[in-house]
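Structure record follows, encoded as structure tokens.
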């Protein structure tokens, strides 16, 4: 007992950072403290002494699997923790193998080995594997016969219907398949899916070669379907959808966006007894007359998305809305003009809570009617609507004081009047987007912080916000997302207020808010430890000091510092501190060179996406970066030190690449077989021919443009 | 005929045979002869319906009884007989035999050719079916053919012939059919010995007769014989043809099942199921055959009536059997009397010895049939009324009848200067511009406006020149055709050879190009197949079928599947449905070895169709939850595939 405590303490001491100790056993009959480190190496070192080895084996083996599972249940947040856990000892390893339910492999090639280790995986997410062969899928079918419930192939290519077949046939418990973006799969694959009799959720977005015949096989085979997404399945027509509606009576959610259907299949679809969610985005085959001819009612429908149905006017919508009294959410984005007649058709829908009218033309009378027709609106989106006036918006918000989410992006006609009525009546707002509302003054924005204290997400990009406004906003203690890009009047002072008032901030966008310097960023880094995403692009005053302070935010996963005055050392500190970093944009960070890359490659093993354009990185740095096994997405334009040979080596070395953006001058230089090989692995090349842009002090340019816009 | 008996003075169509004039044109001679009776050449020209100039010499005309008598006394007139239709019918189900309608036989001067199919027996229930039958009858001209009758019968007999030959080809010993060898099926296509006066009759002569418009066509264009009585053709030969071809398909399917039984001996349970299937199918075939034959019934009846001679003209009708005049209104006696009539008929036929057996059959069947055919009296009345009352629709429209030459002419607009023909008048006007400036004026180039526009437009309707056709104005239930285009299409479809064959299926034939094109749109590969083997020509029909039946799935063509497998690892797309649980994977853990270690099954190229149903035959370790249908379709999912487009597919498990 004491020895084990010793061991634990030793581990604690030896591990300088990020040691997590869970005392799950206090008060239990066998109060063995269990400790483990997230640094696998440290644990191994501590176990190296023979005495410890002896003790450890007796001690850890005494823990039952049940207990280990309990511990593992609490480790879901960080994948690295589980890895460390499994490396503690053999029994831990075995327990972790049996415990794991979800697997997200990086390479499909290692799938057989991984599946041999994790026999009870129920969720298999292959979205990080650009190329999944039929053999790999066959191994999945062979290894996870009874346990597999969900498989995601939405970002993978390289398999055919045979692979799907083996999974669908062998895994009897399979409930979810995501085959989106499998553009080369056709009816045979659909027929294979039809063999998965227990399937409940199926995504087939962009499976453009699947026709009615294929969907017919699915409809007949998978009669337990609850969710079906046929977005962009251009081969499917009314017949296929009609058959689905006839056969799959359990459907809850059906996405028919951009499918060339007409109104002929709608009666059958609306007849589905449990249908709750129907998306008909961009169904251009549906028109007014067709909708009016539909007589079928649907009592169960709750969510209807008819965005981009450009051939439908208010008559059609009115007719359809009168048949769906149970609607809670409706989206009519980019459709017809919202007039009095359309708005009055909402009257029959008692429970309507959410309306999205993005991009529509709105009339004041329409808005007023809408306000009168609806009973308790919770969510309203008027993003990019033309014709939104103070009068209409004020009328709505005074009628619907329970509004929680309001999107008024680019409503350029609204003024302080609207904001005054919004903030005075809707004090329970949690989400507010007011990007580019240029007529609202800085005084108006102050009202937001003063009155709406429950705000969680706030988007005030490109506005006349000033430090005083930020100070008011700091009163919203629950704020998690704050977007204040292109607010040229804010400075460090305002940021310091935010850092003090909003400890839960997770996302901060300061794109081109050029008044920000290291001091503000330091304050944020100190005050908001949960920060995950920060965008400091073109904040030209930001230097390595900011990065040094941000390295304390261990949850940081996205960092955009385009055009900042940072160097390799700053990047190195970030790499060491922010191990979860997945997305990094250091375009036009001219001082970042190979040294930064070496450290980044060494520490940021989770990096998925990187933009290295205009950096001073050479072949050496890039080759180092190639050792990051997760790396999928790379953009390298105008990197002076890069040669074709180096690039070829990097492309070959980086096995997981899915998308690489390169300057087109490299295209003839890189050997063609290499390009073909990399493409065969699932990588897509984008060749860009942008001219090298000489630095023009972009912030200055932006300031000028911004001034002109205001005038 | 009926009217001829009651109103002797009414003109009926008579065929007048005259001596062939040596010195003058046949037509002028005909007119001159007739003018002597009718009084003027104009009247004669009006009365003449057709001139027979090639094989024989004569004409047909509408004449009253008295005129007939006068005419028969004219010099050069050999014989005047009323135009008559002869018919030949298959019997109904359950009856074997064949009988021929006709109350007169041309003796001495006529040749009689009868084509008929002998009865065949092919079904397992010893239900004998005789199949029709082609007859054509040449009166003493030899060239006067009963085209009206011949056309539809030809179609049906072709179908039945092909059907029978299929049967004889496909039946094999060991099949659950009643033993039936091909000798049972005799299709006698004989012509009577030709009579000296009318050497090789029929086809070749009719060729000569209508040689003008047959330059390109190998088959003869059939001339409507205007000298034919108004025989009602109520039954639809097309329907029958489609019925028969459907039966043919069905028989193919049964064949396939039986073959599959042969190929997989020793599985008792499957055998039982398949036998059940065969039984069901055969029962269906029989029922279908019976109902198909039943459609002939009204026609038989009408034919009986039409064949009865007018009482008032005993002198004209040559060789009228004496008992014929007794069967005017009482149908049943008529039929019973047939037996004796047939005896005479058979004697007259002078058939060869081998015909005797058939003839006996005929007699038997007639006796049986007469008992079993129920005939209602009111039908007969309808018939009579229709004839008596001249029950044409009110004369609200003008009926035009184009001649067949006009209908079949490739061009309808001709240049008056150079004679070039055009299909459209607009093209003609364009052409005319080349002939001089006077044709270039706006007035000449303008579309000829309808002058009748000011006055109330006369509704024009069109009549088909084919006598006996329902679209012919002589028909008692005349239904006019609306436009010239309708006339053209109707005439080509109904009375012409189908010379356009579908290049895909090689079986469907059409007489109108547009029909062919329509058919080609959905012929062949676009066949929509259900997993149960039923094929549909239209996708929506397939989906309706699938929606209706539990467990039926659209079947996907294997070719499509192969196309779809365009992955980087093409070899895997070849691992068809052999990708089953028993595949041995040997993953070494080395990623690069994966592809090689996959046990790739041999590809069975013979597998024509890829259907999810196939997999039900495999054992996936008890995962097979697919509900089996009563017929256990999954055992041989494609045994129903018809039309021989794909061979029978062996069961998946045996691959």
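Protein chains in written order, with my numbering: chain A, 1 to 711; chain B, 712 to 1366.
The beta carbon of each residue, even a glycine, is placed where N, CA and C say it ideally should be.
Here the structure is a predicted model, which is why all the values come from computation and not from measurement.
In this chain, residue 1114 of chain B is not harboured by any beta strand (DSSP E), its DSSP state being neither H nor E. Here the region 313–325 of chain A does not lie against the region 372–388 of chain A, with fewer than 3 beta-carbon pairs under 8 angstroms apart. Beta-bridge partners assigned by DSSP to residue 354 of chain A: A:329 and A:379.
For residue 559 of chain A, the beta-bridge partners assigned by DSSP are A:534 and A:584. Judged by beta-carbon spacing, residue 626 of chain A lies within the 8 angstroms limit of residue 653 of chain A, meaning their Cβ atoms are closer than that value.
Contact annotation for residue 212 of chain A against chain B: 1250, 1254 and 1265 [CB-CB distance below 8 angstroms, chain order]. Note on geometry: alpha-carbon atoms of residue 1156 of chain B and residue 1123 of chain B lie some 18 angstroms from one another. Here residue 1141 of chain B is exposed: its Cβ has fewer than 16 other Cβ atoms, across all protein chains shown, within 10 Å.
Between the beta-carbon of residue 512 of chain A and that of residue 490 of chain A there is about 11 angstroms, and that puts the pair past the 8 angstroms contact cut. C-alpha of residue 268 of chain A to C-alpha of residue 1245 of chain B: approximately 25 angstroms in a straight line. Residues of chain B whose Cβ lies closer than 7 angstroms to the Cβ of residue 246 of chain A are, in chain order, 1258. The continuous alpha helix (DSSP H) containing residue 370 of chain A extends over residues 364–373.
Between residue 523 of chain A and residue 496 of chain A, the alpha-carbon positions lie close to 6 angstroms from each other. With at least 16 other beta carbons inside 10 angstroms of its own, residue 89 of chain A counts as buried. Counting only runs that start and end inside the region 123–198 of chain A, the alpha helix (DSSP H) elements of at least 4 residues fall at 134–143, 161–170 and 187–193.
Take residue 356 of chain A, set aside five residues on each side of it, and the residues of its chain with a beta-carbon closer than 6 angstroms to its own are 331, 333 and 381, in chain order. Residues of chain B with a Cβ closer than 8 angstroms to the Cβ of residue 243 of chain A are, in chain order, 1254, 1257 and 1258. At a cut-off of 8 angstroms, the C-beta of residue 217 of chain A has a neighbouring C-beta in chain B. Residues 505, 506, 507, 508, 524, 525, 550, 553, 555 and 556 of the same chain have their beta carbon placed closer than 8 angstroms to that of residue 531 of chain A, with the five preceding and five following residues left out of the count. For residue 403 of chain A and residue 63 of chain A, the gap between their C-alpha atoms comes out near 52 angstroms.
Shown here, residue 1200 of chain B sits in a helix according to DSSP, grouped into three states. Taking the Cα of residue 643 of chain A as reference, the smallest distance to any Cα among A:207, A:617 and A:329 is reached at A:617. Membership of residue 405 of chain A in the beta strand (DSSP E) is indicated by the continuous run 405–407. Counting the other Cβ atoms within 10 Å of the Cβ of residue 293 of chain A gives fewer than 16, which makes it exposed. Bounds of the alpha helix (DSSP H) holding residue 399 of chain A are 390–399.
Beta-bridge analysis with DSSP links residue 567 of chain A to A:591. Ranked by Cα distance from residue 230 of chain A, the options A:558, A:264 and A:258 are led by A:258.
Cβ proximity to chain B below 9 angstroms picks out 184, 185, 186, 187, 188, 189, 190, 191, 192, 194, 195 and 197 from the region 184–197 of chain A. Looking at A:276, A:434, A:558 and A:467, the one whose alpha-carbon comes closest to that of residue 299 of chain A is A:276.
Excluding its 5 nearest sequence neighbours in each direction, residue 1109 of chain B has C-beta neighbours in its own chain below 6 angstroms: 1169 and 1171, listed in chain order. The beta carbon of residue 1213 of chain B is closer than 7 angstroms to those of 1219, 1227, 1230, 1231 and 1234 in its chain, skipping five residues each way along the sequence. With contacts defined by Cβ atoms closer than 8 angstroms, residue 537 of chain A and residue 561 of chain A form a contacting pair. Beta bridge pairing from DSSP links residue 618 of chain A with A:641. Contact between residue 102 of chain A and residue 121 of chain A holds, since their C-beta atoms are separated by about 7 angstroms, short of 8 angstroms.
Listed by position along chain B, the residues whose Cβ is nearer than 8 angstroms to that of residue 239 of chain A are 1250, 1251 and 1254.
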